[in-house]
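Chemist: Chain order of the listed sequences is E and D.
3 is the number of the first residue of the first sequence in the working numbering; add one for each residue after it.
4 is the number of the first residue of the second sequence in the working numbering; add one for each residue after it.
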Amino acid sequence: MSILIVGASVAGIRTAQALRMRGFDETITLVGEEPHRPYDKPPLSKEMLVAGGPAAPVPLLTDDQLADLGVDLRLGVRATALDVAARRVSTGVGDSLPFERLVIATGVRPRRLPGTDRMAGVHTLRTVEDAVALRNGLVTARHVVVVGAGFIGAEFAAAARSHGASVTLVEAQDVPLAHILGAEVGGRLAEVHAGAGNTLLTGVGVSRLVGEDRVTAVVLNDGRTLPADLVVVGIGASPATGWLESSGLPIADGVDCEADLRVVGTEGIYAAGDVARRAHPFYGFDLRIEHWTNANDHAGIIAAVVTGAVPPPAQIPYVWSDQYGHRIQIVGRPVLGDLEHLAGSVAGGDLVAAYTGPSGELVAAVVVDDPRTLMKCRKAIAGRRSWTGLGLVAST
Amino acid sequence: MSERHLACTVDELEPGTSMTVKGPVPAIALHRTESGAFFATADTCTHEEWSLGDEGDLEGDELVCPLHMARFDLATGKALCLPATLGLATYDVVVEAGQVFVVTEPRT
Chain E
3 MSILIVGASV
13 AGIRTAQALR
23 MRGFDETITL
33 VGEEPHRPYD
43 KPPLSKEMLV
53 AGGPAAPVPL
63 LTDDQLADLG
73 VDLRLGVRAT
83 ALDVAARRVS
93 TGVGDSLPFE
103 RLVIATGVRP
113 RRLPGTDRMA
123 GVHTLRTVED
133 AVALRNGLVT
143 ARHVVVVGAG
153 FIGAEFAAAA
163 RSHGASVTLV
173 EAQDVPLAHI
183 LGAEVGGRLA
193 EVHAGAGNTL
203 LTGVGVSRLV
213 GEDRVTAVVL
223 NDGRTLPADL
233 VVVGIGASPA
243 TGWLESSGLP
253 IADGVDCEAD
263 LRVVGTEGIY
273 AAGDVARRAH
283 PFYGFDLRIE
293 HWTNANDHAG
303 IIAAVVTGAV
313 PPPAQIPYVW
323 SDQYGHRIQI
333 VGRPVLGDLE
343 HLAGSVAGGD
353 LVAAYTGPSG
363 ELVAAVVVDD
373 PRTLMKCRKA
383 IAGRRSWTGL
393 GLVAST
Chain D
4 MSERHLACTV
14 DELEPGTSMT
24 VKGPVPAIAL
34 HRTESGAFFA
44 TADTCTHEEW
54 SLGDEGDLEG
64 DELVCPLHMA
74 RFDLATGKAL
84 CLPATLGLAT
94 YDVVVEAGQV
104 FVVTEPRT
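(1) Are Val73 (chain E) and Ala18 (chain E) close, meaning C-beta to C-beta below 8 angstroms?
(2) Does the beta carbon of Met22 (chain D) come closer than 8 angstroms to any beta carbon on chain E?
(3) Counting only beta-carbon atoms, is Leu394 (chain E) nearer than 8 angstroms to chain D?
(4) Threshold first: 3 residues or longer. Then list the beta strand (DSSP E) segments lying entirely within the segment 85-149 of chain E, N to C.
(5) Which stretch, first to last residue, makes up the alpha helix (DSSP H) that contains Arg387 (chain E)?
(6) Is there at least one Cβ from chain D nearer than 8 angstroms to Pro373 (chain E)'s Cβ?
(7) Quick one: which residues of the segment 69-81 of chain D get their C-beta closer than 8 angstroms to a C-beta of chain E? List them in chain order.
(8) Which partner residues does Tyr41 (chain E) have in the DSSP bridge list?
(9) Quick check on the burial criterion: 16 or more other C-beta atoms within 10 angstroms. Buried or exposed for Ala88 (chain E)?
(10) I want to verify the contact list: residues of chain B whose CB lies under 8 angstroms from the CB of Arg16 (chain E), in sequence order.
(11) Reducing DSSP to helix, strand and coil, say where Ser249 (chain E) ends up.
(12) At a cut-off of 7 angstroms, is Ala219 (chain E) close to the ligand ADP when judged by its beta-carbon and the heavy atoms of the ligand?
(13) Along the beta strand (DSSP E) that carries Val312 (chain E), what are the first and last residues, could you check?
(14) Using a Cβ-Cβ cut-off of 8 angstroms, state whether Val67 (chain D) counts as contacting chain E.
(15) Examine the Cβ distances between the segment 242-253 of chain E and the segment 62-72 of chain E and report whether three or more of them are shorter than 8 angstroms.
(16) Taking three-plus beta-carbon pairs below 8 angstroms as touching, is the segment 311-320 of chain E in contact with the segment 147-156 of chain E?
(17) With distances taken Cα to Cα, identify the nearest neighbour of Thr201 (chain E) among E:Pro178, E:Arg216, E:Leu211.
(18) If we count the other Cβ atoms within 10 Å of its Cβ and call it buried at 16 or more, is Phe41 (chain D) buried or exposed?
(19) Take the Cβ of Asp299 (chain E) as the centre, count every other Cβ of all protein chains shown within 10 Å, and call the residue buried at 16 or more, exposed below.
(20) Just tell me which of E:Gly14, E:Gly267, E:Ser4, E:Asn223 has its CA closest to the CA of Trp294 (chain E).
(21) Is it buried or exposed for Pro283 (chain E), if we count other Cβ within 10 angstroms and need 16 for buried?
(22) Could you check which residue in E:Thr31, E:Val368, E:Thr390 has the C-alpha nearest to that of Gly362 (chain E)?
(23) According to DSSP, is Trp294 (chain E) helix, strand or coil?
(24) Leaving aside the five residues before and after Gly199 (chain E) along the sequence, list all residues of the same chain whose C-beta is less than 7 angstroms from its C-beta, in chain order.
(25) Is there contact between the segment 59-77 of chain D and the segment 376-394 of chain E, where contact requires at least three CB pairs shorter than 8 angstroms?
(26) Using 8 angstroms as the threshold, is the segment 221-239 of chain E in touch with the segment 131-141 of chain E, meaning 3 or more CB pairs across them?
(27) Could one say the Cβ of Glu15 (chain D) lies closer than 8 angstroms to chain E's Cβ atoms, at least one of them?
(28) From the DSSP output, which residues share a beta bridge with Gln175 (chain E)?
(29) List, in chain order, every chain D residue whose beta-carbon is nearer than 7 angstroms to that of Thr295 (chain E).
(30) Count the other C-beta atoms from every protein chain shown that fall within 10 angstroms of the C-beta of Met3 (chain E), then say buried if there are 16 or more, exposed otherwise.
(31) Val370 (chain E): buried (16+ other C-beta within 10 angstroms of its C-beta) or exposed?
(32) Taking the straight line between their C-alpha atoms, what separation do you get for Tyr326 (chain E) and Pro45 (chain E)?
(33) For Gln331 (chain E), which beta-bridge partners are listed by DSSP?
(34) List the residues that DSSP assigns as beta-bridge partners of Arg7 (chain D).
(35) Could you tell me if Leu9 (chain D) is buried or exposed, where buried requires 16 or more neighbouring beta carbons within 10 angstroms of its beta carbon?
(36) Quick one, which residues of the segment 293-318 of chain E are near chain D if we go by CB-CB under 7 angstroms, in chain order?
Now the structure itself:
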């Protein structure tokens, strides 16, 4: 039975690859709304922003790999509706596409500040167009304002600093990333901004942007005005499920799936990557995870299910962020535990934070520039083992 | 003719750890599983440039890249999960008199 995959970014492409690796030899049709050959997303906020970095996006597959994949790749085609009963997907162009099996891999869309869609100099960072526009903007930008000091904002702030701009990050929470990592670790990570010469304002929101055609300033809700000629908005993202509204599929925060990524209440319809919410087998509760590795994991699971193989075991959530020449790696779910250990700093390249659950078992770790320690923590989390015995240096 | 390259002594590589063998080009990673067996693979992850000898992690008979969690079979080099799709080259390992050698010609 043929497969239609909607979404040609990491989750969609990896699903096609995983299917072929499992020996699936029937037709795979892959529909993507962007006109570009499928490319990788993490470099958009990393190496693509650096002066002298690659001008073209980093492809997800080489030309040879793409040819070998043998997919009917339809780029620049946006899915607009799904008819489950008729088993067809409508698109913005031409006839609707029939399917026997469907993989929903439409990802997330970045949230925007209301009323800024047409204002030049204001960007989110999700596509290659965003990255190219920002890199070009950084050549002449003097005052950069970053709205939101999460990972995208922090990575962009670091890149902007390398271009010599003055950078101010504006974060609504009292501590960046506190909702994910807690205030202590969020605060320790955030020290890197000031250390690099950037300014971090916390506990303050954005009231409005000023500018006719082009942004000139950012007004904060405490009344302060920041001059700005380039603004990046990194305030999270929402599942791209608008096209599924009339489908009757179970959608709340993402598409509701069984543990094996079959969409609840359907036959032969799956969801993969950022858009998919499933009962995570390791945790036993529903999770929607916007991590690059999660999209890869989902691809492997769907390929196994479709080909009748045993799905690979659930992986522990993992994400990384590159900032100011340092790599921050996070494994597990910090919100499931309490901070047990914190040492080092981002700038020192030696930060380690460990979070433990009620029985003293490690549930998450944040590690800077030390993959070996990260992997030790990952094993302990997977084995639900104590954090002691990892040989971590004393808290500082 | 394939060549043997002295990697280390048996005692120098603890079970459950890996190292990058100094000398061969392209670089070779030597791994020793928790059960004590030696395996040698290409040092660089096939997904993105990253040293598996310096930073790779062993889980049983599998090797995990700590950058993006690609997974390989130590014995065959086969890519076991995404993001890797290409396998690693593998090399024969010879242990003699407490010394560990890698054969610098990849196995076929």
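All C-beta atoms, glycine included, are put in the ideal place defined by N, C-alpha and C.
Note that the structure is a prediction, hence the values are computed from the model and not measured.
Modeler: Looking at the coordinates:
(1) Start at 1 with the first residue of the first sequence, and residue 73 (chain E) comes out as number 71. Start at 1 with the first residue of the first sequence, and residue 18 (chain E) comes out as number 16. In this structure, Ala18 (chain E) lies closer than 8 angstroms to Val73 (chain E) by Cβ.
(2) Locating residue 22 (chain D) in the second sequence gives position 19, counting from the first residue. Cβ-Cβ to chain E under 8 angstroms: no for Met22 (chain D).
(3) The residue given as residue 394 (chain E) occupies position 392 in the first sequence. The beta carbon of Leu394 (chain E) sits no closer than 8 angstroms to any beta carbon of chain D.
(4) Runs of the beta strand (DSSP E) inside the segment 85-149 of chain E: 90-93, 103-106, 110-112, 145-149.
(5) Position 385 of the first sequence holds residue 387 (chain E). Run containing Arg387 (chain E): none; DSSP gives neither H nor E here.
(6) Numbered from 1 along the first sequence, position 371 holds the residue referred to as residue 373 (chain E). Yes, because at least one Cβ of chain D sits closer than 8 angstroms to the Cβ of Pro373 (chain E).
(7) Near chain E, meaning a CB-to-CB distance below 8 angstroms, the residues of the segment 69-81 of chain D are Pro69, Leu70, His71, Met72.
(8) Position 39 of the first sequence, counted from the start, is the residue given in the question as residue 41 (chain E). Bridge partners of Tyr41 (chain E): E:Pro61.
(9) Within the first sequence, residue 88 (chain E) is the residue found at index 86, counting from 1. Exposed, because fewer than 16 other Cβ atoms sit within 10 Å of the Cβ of Ala88 (chain E).
(10) Checking the listed chains, one finds no chain B in this structure; the protein chains it contains are E and D.
(11) As a position in the first sequence, residue 249 (chain E) is number 247, starting the count at 1. If DSSP states are grouped into helix, strand and coil, Ser249 (chain E) belongs with the helices.
(12) You won't find the ligand ADP in this model; it holds no ligand whatsoever.
(13) Along the first sequence, read from residue 1 onward, the residue named residue 312 (chain E) stands at position 310. Boundaries for Val312 (chain E): no beta strand (DSSP E) harbours it, and the DSSP string shows neither H nor E there.
(14) For the purposes of this step, residue 67 (chain D) is taken as the residue at position 64 of the second sequence. It does; some Cβ of chain E falls within 8 angstroms.
(15) No: the two stretches stay apart, fewer than three of their Cβ pairs being nearer than 8 angstroms.
(16) Contact between the segment 311-320 of chain E and the segment 147-156 of chain E is absent, because fewer than three Cβ pairs lie under 8 angstroms.
(17) Looking up residue 201 (chain E) in the first sequence gives position 199. Just measuring C-alpha positions, the residue of E:Pro178, E:Arg216, E:Leu211 sitting nearest Thr201 (chain E) is E:Pro178.
(18) Mapped onto the second sequence, residue 41 (chain D) falls at position 38. Phe41 (chain D) should be labelled buried.
(19) Within the first sequence, the letter at position 297 stands for residue 299 (chain E). Counting of Cβ neighbours within 10 angstroms places Asp299 (chain E) among the buried residues, the total reaching 16 or more.
(20) Within the first sequence, numbered from 1, the residue matching residue 294 (chain E) stands at position 292. It is E:Gly14.
(21) By 1-based counting over the first sequence, the position of residue 283 (chain E) is 281. Its Cβ having fewer than 16 others within 10 Å, Pro283 (chain E) is exposed.
(22) Your numbering for residue 362 (chain E) matches position 360 in the first sequence. Of the candidates E:Thr31, E:Val368, E:Thr390, the one whose C-alpha sits nearest the C-alpha of Gly362 (chain E) is E:Thr390.
(23) Residue numbering aside, residue 294 (chain E) sits at position 292 when the first sequence is read from its first letter. The answer is helix: DSSP assigns Trp294 (chain E) an H, G or I state.
(24) The count along the first sequence starts at 1 and reaches residue 199 (chain E) at position 197. Excluding sequence neighbours, Gly199 (chain E) sits near Arg163.
(25) The segment 59-77 of chain D and the segment 376-394 of chain E touch, with no fewer than 3 CB-CB distances between them shorter than 8 angstroms.
(26) Of all C-beta pairs linking the segment 221-239 of chain E to the segment 131-141 of chain E, three or more are shorter than 8 angstroms, placing the two stretches in contact.
(27) In the second sequence, counting from the first residue as 1, residue 15 (chain D) sits at position 12. Output row for Glu15 (chain D): interface = no.
(28) Counting from one through the first sequence, the residue named residue 175 (chain E) turns up at place 173. Secondary-structure assignment with DSSP links Gln175 (chain E) through no beta bridge to anything.
(29) Looking up residue 295 (chain E) in the first sequence gives position 293. What Thr295 (chain E) touches in chain D: His71, Met72.
(30) As a first step, residue 3 (chain E) is located in the first sequence; it is residue number 1 there, counting from the start. It is exposed - the Cβ of Met3 (chain E) has fewer than 16 other Cβ atoms within 10 Å.
(31) Translated into the one-based positions of the first sequence, residue 370 (chain E) becomes position 368. Burial check for Val370 (chain E): the Cβ neighbour count within 10 Å reaches 16 or more, so the residue is buried.
(32) By one-based count along the first sequence, residue 326 (chain E) stands at place 324. By one-based count along the first sequence, residue 45 (chain E) stands at place 43. Cα to Cα, the separation comes out at about 14 angstroms.
(33) Counting from one through the first sequence, the residue named residue 331 (chain E) turns up at place 329. E:Trp322, E:Val369.
(34) As a first step, residue 7 (chain D) must be located in the second sequence, where it is residue number 4. DSSP, once it has assigned bridges, lists D:Val106 as partnering Arg7 (chain D).
(35) Here residue 9 (chain D) is taken as the residue at index 6 of the second sequence, counted from 1. So Leu9 (chain D) counts as exposed.
(36) Along the segment 293-318 of chain E, the positions whose C-beta sits under 7 angstroms from a C-beta of chain D are Thr295, Asn298, Ala301, Gly302, Pro314, Gln317, read in chain order.
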